[in-house]
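In the numbering used here, the protein residues as written are 238 to 445.
Glycine is no exception: its CB is placed at the ideal position from the N, C-alpha and C atoms.
Computed from a predicted structure; not experimentally measured.
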């Protein structure tokens, strides 16, 4: 089954309180989602492999280490876009793909409308990002697309999840590790996480 990592840090907890607050405006919400995404990047990449490289400092030659594999960030549109800049600021060489999915409000099932992925995805470490792991349907569908392109090393990176979504993703893709900052109580009858953040896409972009 998937390894589930809940990333705990005082700064993350502080910023989570800001984005949970229903009175937080869109600008502040966006900024804090991006900042949290930067902070979690250190944990989600902790076990990336490195390779030795010889470089020359102003004083002498020495051996340093660089990432052995390329990294690809794939946001699930549109809410996943809110996490991209934060992660990309820490891994600026990462390429960025996009998967467009929306959730049918009646069936709660994901519907695809756009997929664009880099050519190097087969050999890269793929960070699939979406702030909310609710039903898990969008994450499962997105990973299906990514695996169909030949990717082997995939990690799901979110902010808030719930038992239902974690279970669905783990059962569908047990080889994909899950990184979150909080596991909340449950889904409500409308498919929203409780207590959650509300509709993360709407709050990021100021829409209803």
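Residue i (DSSP reduced to helix, strand or coil)
i: residue 347; result: strand
i: residue 259; result: coil
i: residue 252; result: helix
i: residue 303; result: strand
i: residue 368; result: coil
i: residue 337; result: strand
i: residue 433; result: coil
i: residue 278; result: helix
i: residue 314; result: strand
i: residue 243; result: strand
Neighbourhood of residue i by C-beta, 8 Å cutoff - its chain only, sequence neighbours within 5 removed
i: residue 275; result: 323, 324, 326, 327
i: residue 298; result: 291, 292
i: residue 249; result: 273, 276, 277, 418
i: residue 382; result: 336, 349, 352, 354
i: residue 390; result: 306, 361, 362, 363
i: residue 424; result: 371, 372, 399, 401, 402, 430, 431
i: residue 331; result: 307, 308, 309, 310, 324, 325, 364
Contact under 8 Å by Cβ, residue i with residue j
i: residue 351; j: residue 335; result: yes
i: residue 310; j: residue 281; result: no
i: residue 397; j: residue 418; result: yes
i: residue 523; j: residue 375; result: Coverage of the chain is limited to positions 238 through 445, which leaves residue 523 absent and any answer about it impossible.
i: residue 393; j: residue 242; result: no
Cβ shell of residue i (< 7 Å), same chain only, five flanking positions each side left out
i: residue 255; result: 261, 265, 269
i: residue 411; result: 238, 239
i: residue 304; result: 285, 287
Residues bridged to residue i [DSSP beta-bridge criterion]
i: residue 414; result: 392
i: residue 332; result: 309
i: residue 398; result: 370, 420
i: residue 441; result: Paired residues: none, contrary to the question.
i: residue 183; result: Given a span of 238 to 445 for the chain in the structure shown, any question on residue 183 remains unanswerable.
i: residue 362; result: 308, 390
Whole-Å CB distance - residue i paired with residue j, under 8 Å assumed
i: residue 252; j: residue 273; result: 5 Å
i: residue 320; j: residue 312; result: 6 Å
Contact set for residue i: own chain, Cβ-Cβ below 6 Å, skip 5 residues either direction
i: residue 405; result: 373
i: residue 315; result: 438
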